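Chains as they are written, first to last, in the working numbering: chain P, 1 to 73; chain S, 1001 to 1398. The beta carbon of each residue, even a glycine, is placed where N, CA and C say it ideally should be. For clarity, every value in this text was computed on a predicted model and none was experimentally measured. The block underneath contains the structure these notes are about, expressed in structure tokens.
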Amino acid sequence: MSKWQVQVDREACIGTGMCASSAAAYFRLENGKSTAVQDFVEPDELVTDAAESCPMEAILVRDGDGVVIAPEP
Amino acid sequence: MTTSQQPRSYPFGEAVRLDLDPTYEQLRETEPVSRVRLPYGGDAWLLTKYDDVRTVLGDLRFSRAAVVGRDVPRASPAIMSRPSILNMDPPEHGRLRKLVAKGFTMRRVEQLRERAQDLVDGLLDDVEAKGAPADLVEALNMPLPITIICELLGVPYEDRGEFRNWSDRALAITAFTPEEITSAFESLQDYIAGLVAERRKSPTEDVLGTLVTARDEGDRLSEEELVNFGVTLLVAGHETTANQLGNFTYQLLTHPERLAELRADPDLVPAAVEELLRITPLGGSAGFPRIAVEDVELSGVTVKAGDAVFIGQAGNRDPAVFDRPGEIDFHRENNAHVAFGHGVHHCIGAPLARMELQVGIGTLLRRFPTLELAVPADEVPFRKGRLVRGPDQLLVRW
Chain P
1 MSKWQVQVDR EACIGTGMCA SSAAAYFRLE NGKSTAVQDF VEPDELVTDA
51 AESCPMEAIL VRDGDGVVIA PEP
Chain S
1001 MTTSQQPRSY PFGEAVRLDL DPTYEQLRET EPVSRVRLPY GGDAWLLTKY
1051 DDVRTVLGDL RFSRAAVVGR DVPRASPAIM SRPSILNMDP PEHGRLRKLV
1101 AKGFTMRRVE QLRERAQDLV DGLLDDVEAK GAPADLVEAL NMPLPITIIC
1151 ELLGVPYEDR GEFRNWSDRA LAITAFTPEE ITSAFESLQD YIAGLVAERR
1201 KSPTEDVLGT LVTARDEGDR LSEEELVNFG VTLLVAGHET TANQLGNFTY
1251 QLLTHPERLA ELRADPDLVP AAVEELLRIT PLGGSAGFPR IAVEDVELSG
1301 VTVKAGDAVF IGQAGNRDPA VFDRPGEIDF HRENNAHVAF GHGVHHCIGA
1351 PLARMELQVG IGTLLRRFPT LELAVPADEV PFRKGRLVRG PDQLLVRW
């Protein structure tokens, strides 16, 4: 399966730390705001769950074809 | 680091209005990770440094699920036996949370701002019409968040008399007996179960309806999880904001310089809400413990696997992070308080609470430019023996 792209909008992020706690392999807090550990990752539900749970919808996950798979609109 | 021979009793005492017990500050200086003895379940660690608090909240080596059904250190006699979103760990926690997260995003909440504004305008029209003195708890602080959470969840507003009563008891620590507290939780569960049953006959688009669909069509949560989730959202969705509306108004009316500053510049309302969130200790008791699942070092102290940790109420007053932490300052550049928690359990209702507090406080000050307490500040009655602090009654005049 092709890799997913993970993007964090650091302008929108308010640093709740939810993604960095629940999916520490994929997100970390830098100066209080989230950043993706790697831009491209193997598919993992932890990543889409983090995107679905972010109150600011600051995490965008795209599949190998560039289609946004999380968060759902 | 040595720790004292005899652990201090915790909570330090009955919460006094919105004061932070000075013991917190003292412990941060001398023993930032200190041993405390709870009324039930034994000893625990209490934290007073912001960094340690953030670590414990954000680090999965500290578990909430490990408290369920166990005789852990706590302030009230009953052992927590009801699994709820508040005491689940990842990945179970995320499985539940994502089912409703979409309904509570900042974007969705902003769509409710106009509704909240109309509501507050109407409530304050009534206050004005009836004349002074007015009790803001009944006139504004309760109706605003209760109406909004009812509409979001799909709970009939006309049932508020009953569920407010149950909710008040359910969140008691010592104000009611353990039997009364348990029975209040059961009443809330029965009530939500009734609303769930109605949705199985005629489906709805509200949050409860979404959860029922997730259970019946996707089997994504159990029946017990569904009911308890509904209870948690209903209770947490109004108790906290209602009390903070009263607490913040009390803070402003007892800090005339800050009040004048805010009246002169209403654009400061969002920053004022953040600062009042930071400085107002909402918790009225020990709060929720976390259990270390492996040895973790915090400020030079080894917290052993199995140890209970309380985050206390002092993180937001740590001078290492906040200059002049005891002062209310609406101009803090980076106000990264932990009033809504941090990490996986960061309050799902935070955007909603912020919006309601901004609309409520902002409109109140605009509508009543001469608002003041109708009784001396030290005579404002505050609730006792509860999980959250707040005025029982907040009489004001203008």
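Check: Strictly below 7 Å CB to CB, what residues from chain P border residue 1344 of chain S?; Outcome: 18, 21 and 22
Check: From the beta carbon of residue 42 of chain P, is the nearest beta carbon of chain S less than 9 Å away?; Outcome: no
Check: Can you tell me the Cα-Cα spacing of residue 68 of chain P and residue 1164 of chain S, whole angstroms?; Outcome: 42 Å
Check: Would DSSP call residue 1223 of chain S helix, strand or coil?; Outcome: helix
Check: Counting along the chain, where does the alpha helix (DSSP H) carrying residue 30 of chain P start and finish?; Outcome: Segment 27-30 is the beta strand (DSSP E) holding residue 30 of chain P; no alpha helix (DSSP H) there.
Check: With 9 Å as the threshold, decide whether the Cβ of residue 1216 of chain S is near any Cβ in chain P.; Outcome: no
Check: Does the beta carbon of residue 72 of chain P come closer than 9 Å to any beta carbon on chain S?; Outcome: yes
Check: Which of helix, strand or coil does DSSP assign to residue 1251 of chain S?; Outcome: helix
Check: What span of residues does the beta strand (DSSP E) with residue 144 of chain P cover, start to end?; Outcome: Since the displayed chain P opens at 1 and closes at 73, residue 144 of chain P lies outside it and no answer follows.
Check: Please go through the segment 1329-1377 of chain S and give each complete alpha helix (DSSP H) segment of 4 or more residues, from N-terminal end onward.; Outcome: 1350-1367
Check: Report the residue from S:1389, S:1396, S:1393 and S:1122 whose alpha carbon sits nearest the alpha carbon of residue 1015 of chain S.; Outcome: S:1389
Check: Within 9 Å (strictly less), CB to CB, does residue 50 of chain P reach chain S?; Outcome: yes
Check: Only counting the same chain, and skipping five residues up and downstream in sequence, which positions put a Cβ closer than 7 Å to that of residue 55 of chain P?; Outcome: 16
Check: So which residues on chain S does residue 53 of chain P lean against when the C-beta distance must stay under 8 Å?; Outcome: 1094, 1097, 1098 and 1101
Check: Quick one: residues in its chain with C-beta nearer than 7 Å to the C-beta of residue 1179 of chain S, no 5 flanking neighbours on either side, listed in chain order?; Outcome: none
Check: Does the beta-carbon of residue 1230 of chain S have 16 or more other beta-carbons within 10 angstroms, so that it is buried, or is it exposed?; Outcome: buried
Check: On the criterion of 16 or more Cβ atoms from any shown chain inside 10 Å, does residue 1001 of chain S qualify as buried, or is it exposed?; Outcome: In this prediction, residue 1001 of chain S has a pLDDT of 47, which is less than 50 and means its spatial position is unreliable; nothing more can be read from the coordinates.
Check: Taking the C-alpha atoms as reference points, what is the distance between residue 1034 of chain S and residue 52 of chain P?; Outcome: 37 Å
Check: If you reduce the DSSP assignment to three classes, tell me which class residue 62 of chain P lands in.; Outcome: strand
Check: What does a CB cutoff of less than 6 Å around residue 1187 of chain S pick up in its chain, not counting 5 residues either side in sequence?; Outcome: 1166
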